[in-house]
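Positions 0 to 554 (numbering that gives the first Met the number 0) are the ones given, in order, by the sequence shown.
Data first, discussion second: the structure below is written as structure tokens.
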Amino acid sequence: MKNNDKRLGLRLGVAAVGMVAGLADAQLANNIAIDVKAMSMGHAVTADPPGISAIHFNPAGLAKLDGRRMDLQFVGADFSLESEFSAPPGYNVFGFSDDPIVCNDVPDDGVDYCRSFKTATSTVEGISLYVPFLNDTVDLPPGPLIAGPLPAFSIRPAGSKFTFATATYLPLAAGFYRDEDDVGNYMGERVALERITYLSPSIGYKVNDELYIGASIGMSYQAIALEQDFRAPNELLGFARVLDESICAPFEGESNIALDLILFGICRPEEGLGPFKNLASLDVSMDQRFSPSYNLGILWEPSERFAWGATWRSPAKTHMKGDYKITYSNGARETINGIGGSATGALALAVLGIPSYVEEEEVGRVSMDLTMPATFQTGIKIKPTERLQFNVDAVWADYKEWDAFNIVFDRSSAVLSLARLFSPGSTPTRLSYPLNFQSTWNLAFGAAYDLTGRIQLRAGYEPRASAIPEDRRSPMVPINEARYYSLGLGYKWDKDTDIDLGIGMLHSKDEIPANTSCAANCTGINNVVYNPYAGLDIKTEAKVTMIGLAFRTKF
Numbered sequence: 000m001k002n003n004d005k006r007l008g009l010r011l012g013v014a015a016v017g018m019v020a021g022l023a024d025a026q027l028a029n030n031i032a033i034d035v036k037a038m039s040m041g042h043a044v045t046a047d048p049p050g051i052s053a054i055h056f057n058p059a060g061l062a063k064l065d066g067r068r069m070d071l072q073f074v075g076a077d078f079s080l081e082s083e084f085s086a087p088p089g090y091n092v093f094g095f096s097d098d099p100i101v102c103n104d105v106p107d108d109g110v111d112y113c114r115s116f117k118t119a120t121s122t123v124e125g126i127s128l129y130v131p132f133l134n135d136t137v138d139l140p141p142g143p144l145i146a147g148p149l150p151a152f153s154i155r156p157a158g159s160k161f162t163f164a165t166a167t168y169l170p171l172a173a174g175f176y177r178d179e180d181d182v183g184n185y186m187g188e189r190v191a192l193e194r195i196t197y198l199s200p201s202i203g204y205k206v207n208d209e210l211y212i213g214a215s216i217g218m219s220y221q222a223i224a225l226e227q228d229f230r231a232p233n234e235l236l237g238f239a240r241v242l243d244e245s246i247c248a249p250f251e252g253e254s255n256i257a258l259d260l261i262l263f264g265i266c267r268p269e270e271g272l273g274p275f276k277n278l279a280s281l282d283v284s285m286d287q288r289f290s291p292s293y294n295l296g297i298l299w300e301p302s303e304r305f306a307w308g309a310t311w312r313s314p315a316k317t318h319m320k321g322d323y324k325i326t327y328s329n330g331a332r333e334t335i336n337g338i339g340g341s342a343t344g345a346l347a348l349a350v351l352g353i354p355s356y357v358e359e360e361e362v363g364r365v366s367m368d369l370t371m372p373a374t375f376q377t378g379i380k381i382k383p384t385e386r387l388q389f390n391v392d393a394v395w396a397d398y399k400e401w402d403a404f405n406i407v408f409d410r411s412s413a414v415l416s417l418a419r420l421f422s423p424g425s426t427p428t429r430l431s432y433p434l435n436f437q438s439t440w441n442l443a444f445g446a447a448y449d450l451t452g453r454i455q456l457r458a459g460y461e462p463r464a465s466a467i468p469e470d471r472r473s474p475m476v477p478i479n480e481a482r483y484y485s486l487g488l489g490y491k492w493d494k495d496t497d498i499d500l501g502i503g504m505l506h507s508k509d510e511i512p513a514n515t516s517c518a519a520n521c522t523g524i525n526n527v528v529y530n531p532y533a534g535l536d537i538k539t540e541a542k543v544t545m546i547g548l549a550f551r552t553k554f
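Okay, structure coming up:
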């Protein structure tokens, strides 16, 4: 029973993943919505940077742009996230198997085991965005999200070797919302994670006719928001249900001092706890309006048939601040207050440093230091014929930086007081949520074919590695190993104007058998790191479809 509040605290830690939430995983949105040509080439463009978007992909490519230029990008995104939950043979929590998520029996039928199991499915309704000036999460109507125009500008004075540029783009953007009765709400009813680069002063320098170098500084806005329900199918909560239904039931409505002293007031609440009950709701939002980073690039192109490029994108450190609100369920609140209302219970809580009374809501300020991982990307461009081109990139992302997320609160609470007992590194005002992510390498492939002097056909493929260890997989972050496929077309309108079209799809499927991930379905008395689907088999599938239009011209 006390474990339930402890684990609510750990859910605050998952709020920081928020991202990761949700569709949440930063890998999901990384690089995808930045440039239409890059999208259609499988993001393998380090040796062939696309226009002014070279600011992100390889700022050395800016040195190849002459005169005054403008790019306008329009990007649309649609996605589906689906999770399935089912009970394996022998499923139970402390002998109880009537979990309403997977049990098809009539609720509260007086039987504590399930006679007919079902497979439950969770889906998302649409896309959510955190709007900076409103300081709130907005749910968009079902259907694709259209972003644009996203502008970019560059200038190279006549006779100069320097090109100057800036752009607005989305290095990371992900979010969703579910129906209020969806079984997936224990892993996020509403999630938003975004990083918007609103200004990116950049410079490219032409060393000679073969070698180019460049650098850019990104000034970005970072935000995380999460709303979700909370439950904890834990053995201690199963034991609490036994006490409530078997030991305490005969004394319901009676004042029994002896029983209070012996059982620490656990029979005082009118509504008890159980492993499948909703315990609380959580609402967290944090942001930082100025988060700098930088990119460095080099491009070597000894001939039109071959080029090599490399880019370093620095880590971006953010210190986000915001608000949190925890709304306790009646059962959770009555249990804490009931224990605190007895002499022995109040003494036990005092020894543990836990408040003996909680309000229906707890609100306050919260902050978090988050480092967006550094990345390194290198690649080549090869043209075996005049019309055919192949690009290959190797991409490294330092997700090992996400070993743990630490969230700092402006005050202590019942949640944090309990969490610190079970979460290493936590204190009465700081919560540490372990992630143990790992750095990744993956390849990306692109191809282009000049159909005519005006039309270029493009295709791309990128198998994305997962930064999430096997024992940390979760339906909140349903993107593990993924495959990205893309097609595109470039059209030369006139000598100064190009139009790019692109479509890409990211697809990921995963299975999380019961008791294999301690970020989703671990069982036992020590499953204190949030496992709302403890003991259940989980399957996840994510599909993200991107479409884009880019307009590039001189002016």
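All C-beta atoms, glycine included, are put in the ideal place defined by N, C-alpha and C.
Should residue i be labelled buried (16 or more other beta-carbon atoms within 10 Å of its own) or exposed?
i	result
residue 211	buried
residue 562	Lying before the first or after the last residue shown, residue 562 is absent from the chain, which here runs from 0 to 554.
residue 240	buried
residue 380	buried
residue 385	exposed
residue 288	exposed
residue 48	buried
residue 79	exposed
residue 140	exposed
Thinking residue i and residue j are a contact (beta carbons under 8 Å), I'd like their distance in whole angstroms, please.
i	j	result
residue 147	residue 72	6 Å
residue 170	residue 194	5 Å
residue 35	residue 500	7 Å
residue 270	residue 333	5 Å
residue 553	residue 66	5 Å
residue 296	residue 525	48 Å between Cβ atoms; not a contact.
Would residue i pass as a contact of residue j if the rule is Cβ separation under 8 Å?
i	j	result
residue 427	residue 352	yes
residue 555	residue 539	A question about residue 555 goes unanswered here, because the residues of the chain that appear run from 0 up to 554.
residue 274	residue 116	no
residue 313	residue 292	yes
residue 455	residue 443	no
residue 509	residue 472	yes
residue 335	residue 263	no
residue 129	residue 118	no
residue 502	residue 489	no
residue 435	residue 464	no
residue 405	residue 43	no
residue 176	residue 531	no
Using only alpha-carbon positions, find the residue among the options that is nearest to residue i.
i	options	result
residue 407	320, 206 and 222	320
residue 305	122, 388 and 404	388
residue 535	519, 69, 386 and 228	519
residue 399	114, 409, 229 and 371	371
residue 517	551, 349, 482 and 469	469
residue 322	366, 95, 359 and 154	366
residue 106	471, 83, 397 and 276	276
residue 166	176, 160, 149 and 180	149
residue 308	213, 163 and 281	213
residue 330	359, 348, 349 and 344	359
residue 32	545, 463 and 507	545
residue 138	164, 178, 486 and 109	178
residue 511	537, 529 and 267	537
residue 260	228, 341 and 180	341
residue 224	134, 458 and 258	134
residue 266	190, 310 and 344	344
Taking the straight line between their C-alpha atoms, what separation do you get for residue i and residue j?
i	j	result
residue 316	residue 369	6 Å
residue 168	residue 220	11 Å
residue 127	residue 303	44 Å
residue 218	residue 172	16 Å
residue 112	residue 346	36 Å
residue 523	residue 90	12 Å
residue 77	residue 174	11 Å
residue 433	residue 233	19 Å
residue 202	residue 196	16 Å
residue 63	residue 294	17 Å
residue 145	residue 206	39 Å
residue 121	residue 98	16 Å
residue 55	residue 75	20 Å
residue 283	residue 495	48 Å
residue 82	residue 507	12 Å
residue 23	residue 162	Its pLDDT being 38, under 50, residue 23 is placed unreliably in this model, and the value from its coordinates should be taken loosely. Each residue's Cα considered, the two are about 36 Å apart.
residue 401	residue 430	15 Å
residue 103	residue 250	31 Å
The ligand ZN and residue i: does any heavy atom of the ligand fall closer than 7 Å to the residue's C-beta?
i	result
residue 453	As for the ligand ZN, it is missing from this structure, which has no ligand bound.
Compare the C-beta of residue i with all C-beta atoms of chain D and state if any pair is closer than 8 Å.
i	result
residue 40	In the structure shown, chain D does not exist; there is a single protein chain.
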